[in-house]
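Written out below as structure tokens is the structure these notes cover.
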Amino acid sequence: MTFHVAVIVTEFGTGVQIGEETSVFITQLLGTVNFENMDTFYRRGISYFGTLKFLGPDNVPMVNKLLQLELNDEFIGNYTTDENGEAQFSIDTSDIFDPEFNLKATYVRPKSCYLPSWLTPQYSDASFLVSRFYSRTNSFLKIVPEPKQLECNQQKVVTVLYSLNSEAYEDDSNVKFFYLMMVKGAILLSGQKEIRNKAWNGNFSFPISISTDLAPAAVLFVYTLHPSGEIVADSVRFQIDKCFKHKVNIKFSKEQGLPGSNASLYLQAAPDSFCALRAVDRSVLLLKSEQQRSAESVYNMVPSTELYGYFYRGLNLDDSKEDPCIPQRDMFYNGLYYTPVSNYGDGDIYNIVMNMGLKVFTNLHYRKPEVCVMERGRSLSKPLYVGTENYGLMLSAPSRIASGEIREENADNVEQAIIQTVRTNFPETWIWDLVSVDSSGSANLSFLIPDTITQWEASGFCVNGDVGFGVSSTTTLEVSQPFFIEIASPFSVVQNEQFDLIVNVFNYLDTCVEISVQVEESQNYEANINTLKINGSEIIQTGGRKTNVWTIIPKKLGKVNITVVAESKQSSACSNEGMEQQKLNWKDTVVKSFLVEPEGIEKERTQSFLICTEGAKASKQGVLDLPNDVVEDSARGFFTVVGDILGLAMQNLVVLQTPYGSGEQNVALLASDTYVLDYLKSTEQLTEEVQSKAFFLLSNGYQRQLSFKNSDGSYSVFWQQNQKGSIWLSALTFKTLERMKNYVFIDENVQKQTLIWLSSQQKTNGCFKNDGQLFNHAWEGGDEEDISLTAYVVGMFFEAGLNFTFPALRSALFCLEEALDSGVTNGYNHAILAYTFALAGEEQKVESLLQTLDQSATKINNIIYWETERKPKTEEFPSFIPWAPSAETEKTCYVLLAVISRKIPDLTYANKIVQWLAQQMNSHGGFSSTQETPVCLLAITRYMKLTFSKNQNTVTFSREGSSEIFQVNSDNRLLVQRSELTKAPGEYTVDVEGHGCTFVQATLKYNVLLPKKASGFSLSLEIVKNSSDIFQTIFDLTVTLKYTGIHNKSSIVVTDVKMLSGFTPAMSSIEKLENKGQVMKTEVKNGHVLFYLENVFGTAHSFTFSVEQSNLVFNIQPAPVMVYDYYEKEEYALAFYNIDSSSVSE
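All the letters of the sequence shown, read from the start, carry residue numbers 1 to 1146 under UniProt numbering.
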């Protein structure tokens, strides 16, 4: 029987409805009997014990119920369950010789009568198969197990039961028992216990201190040596609380607090510790609970080192059997015939020590004999049983409601006429600090509580040189006030959209109040109330809530603040209860912001110049103009002046505009930051502040890069299990980490492993063979791809500090020399070979290659650069120099490296190249992709080292009758001076006077509705409801794309999906795409979802994910979806989608 249930929930005050349907199955099964804490073997002479558990529906314990136990269908006894639904039992095994016996537990049902048409209750029985444990001397030992998790810093008393055959013992002999504890694959402790007075049967106990060293699990092995030449033993596994030697505790000074007040956080840790603290809004953690740091999560990061079995790296290290098997034929003894019976299912000591990963060196007997031919009809499968090691503890605590304490804090202010609060600070993360603990081992920290009405969850971890790592438990602080408002609005909307602003007013005063709520007027938006009021005010009872809704129509682009005010007043409609609080009027003001974005997609254009003067005045003219299809009011611009071409890159030490979710992108950031640091250090411009920031970035980046490392030492662009590593990425990572050693710790063993793997990928002729994981289109040179890769690896070896004594480098250089003698035709290879041979000191080869390159160079307006033969079409924009494709920029930078790496560099020639590179820089100080940015920053930093000089310049920026003056000198050389342009379009002039070089850049950003689509991809979108329910707010978006560009494929493709206003992605659907391998990686940030795909060809590739409506927005504008080649963004396609429609880009 099944119930079909349909539910529609309507939110009071807003009218928002959500519907759901489900089916409920009516079951006849009202109870289930289970065996728990059971041993799979019995030992004759030692009582066999276990637990019966009786659970009802939803695993509710069935209390005071009668259970019947049978052994091989023979009655053993009746047992009554306790408050946990459990009953303990024990069976005497002295007279049991069977190879196995079956236990059956049933519920003894009370007598009752049912009509034939009724559904009769059913109860599930339990069965458990117990096998025999082997002993040649009929001697046994049993450790009493512990089903519960053991707490740290306590003693566990271990009880051991034993039954020994006394025949071989001498009259005055004692029995010695030995024990050892295995933890993380090693013997941690051992001891012994001696039993006197001829006690051949009985029990003994000994204590074990439960400490951090035993966590998370320990295996205890107890044994004795029988005089007849047999080992008698048993083992048991204990689950240990996941604890640390370093005890860290944090606690707020109070459990509740007011918004905007001060709160103290008490921290206790080992003396002289360094701690990281955080406090996060509980609502955030509800969505991402897996990201919380806890003892459990830390232990899960540590690889398991427990031993099991004798297989190691594919080898079976088990010893061969000493005794041959016993033939299954009749034997005659004392006038009777006997036939050996198979003991296949019996347990023995050998299996115990094997499961622990222990090897036994002994001449004693500990392995059961085996019969050659197994008995027919005998079940050889091992019994199924429930293990006792997987127990977890569940803790819960009721939520506390902030009320009493807050009223007490304000008790002295009863006579005050009005209590007013203005709340503007609503962060998701409140505390995110590093704290040093002094020799006292404690710290008392004071923080200002944010304005959010919520519960803050705080935790932390500390490190110490003596006691290591420790993590605290979570402590909470509830923030509330008796009268407050809560606002629900989207984070951002698009121009011409409207949205509902939902304002909830809460009253936790002791009396009802009359309230008035209003949204303050502003030129930036129009607010129209949708909620009907009676006589302009409303009454809220104590503990009640009122909801008001305004429709907000934005009037301005950018960040807009909206102010909502709610005020309580005395009312004759309320009773005389709570007269003291009726004398109070509360006024709560909340200021929240939302972002109004322009329609279409954003474009950025820059005009950059590196202007050098020696006393004479130098001028540059430029024009900032906009295309015809620009979105109204979306244009904004700024003018930047910096005394060093690397100033922009140094400002954030992150110089890439593109997303960086892969191993190549991450290491490109690390390499770029390292080059900038090397330059600042060599020119004595590196400050402690910059170095401290760099240490943080490089340390995090190093850990992130290790997540892309394979077990063999190689690195992959997107890490997957058993994936083959990439040669070029492994070489780049090896070189980068070597250079990072000057600033952060790098594990030398990691580097050695990578270097060994790289050496193993070399062919016999010294070349490195293309492994199919080349992502650079410039390397697509047919037969010369191996030359490109080999030259790249050799360059990385030289830059990492290796020399000709390293065999792999020497062999690879021979390969390149032979290739050069045979003839190299690819222009990119000429550039990278010129740089590689410059590092090797081969001046003649460098000179020849540079002469060839000079003949193919483009030389205009005193600048020099190199173009590629095949490149995608770009949008023409007369007033701006178009950004060159990634391959052209990279090729030009390799030529610059070759020129300045010679013994006598031609700086005049190099300056002309740098002038062109300056024009290619984006507003972040980097270039278009991670492919050329590290190469170009390396080239520019080395050029700047050679030409570094102190400068003293005056820069005048003039446009339309106004001017602005910037001073550049040695003191502010790295300072990025920026001025916003109040009117973006128009002509301008830049005049530079003084001595030295200055980098100037004009940046223009704007939005276009539908930009021209360059060739490269086709893209189509389909959005459908995944339910026929009219109230459904979840939709499926299917993205279909294929590559149509000038290359064979696109190696890395990024699909950028902007969310519709009021919508968020369903994270479970995105995680499913990664888990199924449909996309390589995903990132969610700033209202966009980025999907990474690898090797997209000319065949259609589709994937689907879900989006969910979280806020009500009207007149929703279409959102763009852009797919592009990560390294050549000129190859892209664009489409738009909306709830009811989507566009197709061909």
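Just so you know, even glycine gets a beta-carbon here, dropped at the ideal spot from N, CA and C.
Predicted, not measured: the structure shown is a model, and the values here were computed from it.
Cβ-based neighbour list, residue i, same chain, cut-off 6 Å, excluding 5 preceding and 5 following
i: residue 979; result: 639 and 964
i: residue 634; result: 598, 1006 and 1007
i: residue 1127; result: 886, 929 and 931
i: residue 48; result: 42, 91 and 93
i: residue 484; result: 453, 506 and 588
i: residue 399; result: Note that residue 399 has pLDDT 32, beneath the 50 cutoff, so the model's placement of it is unreliable and the number below is only indicative. Excluding residues within five positions, none has a Cβ falling inside 6 Å.
i: residue 429; result: 280
i: residue 347; result: 41 and 133
i: residue 1001; result: 606, 608 and 640
i: residue 650; result: 676 and 974
Where residue i sits in the DSSP three-state scheme
i: residue 845; result: helix
i: residue 423; result: strand
i: residue 830; result: helix
i: residue 164; result: coil
i: residue 663; result: helix
i: residue 884; result: coil
i: residue 144; result: coil
i: residue 631; result: coil
i: residue 681; result: helix
i: residue 1131; result: coil
i: residue 71; result: strand
Environment of residue i [buried if 16+ CB atoms lie within 10 Å]
i: residue 608; result: buried
i: residue 996; result: buried
i: residue 784; result: buried
i: residue 481; result: buried
i: residue 390; result: Low confidence applies to residue 390: its pLDDT is 35, below 50, so where it sits in the model is not reliable, and the reading given next is rough at best. The residue is exposed, with fewer than 16 neighbouring Cβ atoms inside 10 Å.
i: residue 457; result: buried
i: residue 756; result: exposed
i: residue 790; result: buried
i: residue 628; result: exposed
Cut-off 7 Å between Cβ atoms - residues of its own chain near residue i, not counting five sequence neighbours on either side
i: residue 28; result: 119, 120, 121 and 122
i: residue 387; result: The predicted position of residue 387 is uncertain, since its pLDDT is 37 and thus under 50; a value taken from the coordinates is nonetheless stated next. If we look at residue 387 and ignore the five residues flanking it on each side, it has no Cβ neighbours.
i: residue 731; result: 758, 792, 793 and 796
i: residue 1049; result: 1043, 1095, 1096 and 1097
i: residue 66; result: 78, 80 and 108
Cβ-Cβ distance between residue i and residue j below 8 Å
i: residue 925; j: residue 648; result: yes
i: residue 295; j: residue 238; result: no
i: residue 86; j: residue 40; result: no
i: residue 1016; j: residue 1131; result: yes
i: residue 1099; j: residue 1042; result: yes
i: residue 712; j: residue 694; result: no
i: residue 267; j: residue 445; result: yes
i: residue 318; j: residue 310; result: yes
i: residue 1147; j: residue 987; result: Here the chain has residues from 1 to 1146 only, and residue 1147 is not among them.
Euclidean distance between Cα positions of residue i and residue j
i: residue 70; j: residue 357; result: 36 Å
i: residue 909; j: residue 687; result: 32 Å
i: residue 828; j: residue 837; result: 14 Å
i: residue 715; j: residue 808; result: 19 Å
i: residue 680; j: residue 957; result: 28 Å
i: residue 768; j: residue 708; result: 21 Å
i: residue 188; j: residue 229; result: 27 Å
i: residue 921; j: residue 1044; result: 28 Å
i: residue 752; j: residue 738; result: 11 Å
i: residue 342; j: residue 371; result: 6 Å
i: residue 263; j: residue 442; result: 17 Å
i: residue 45; j: residue 101; result: 15 Å
Residues of its chain near residue i, where Cβ-Cβ distance is below 8 Å and the 5 sequence neighbours each way are ignored
i: residue 1034; result: 1025, 1026, 1027, 1066, 1106, 1107, 1108 and 1109
i: residue 496; result: 599, 1115 and 1117
i: residue 899; result: 850, 905, 906, 909, 910 and 913
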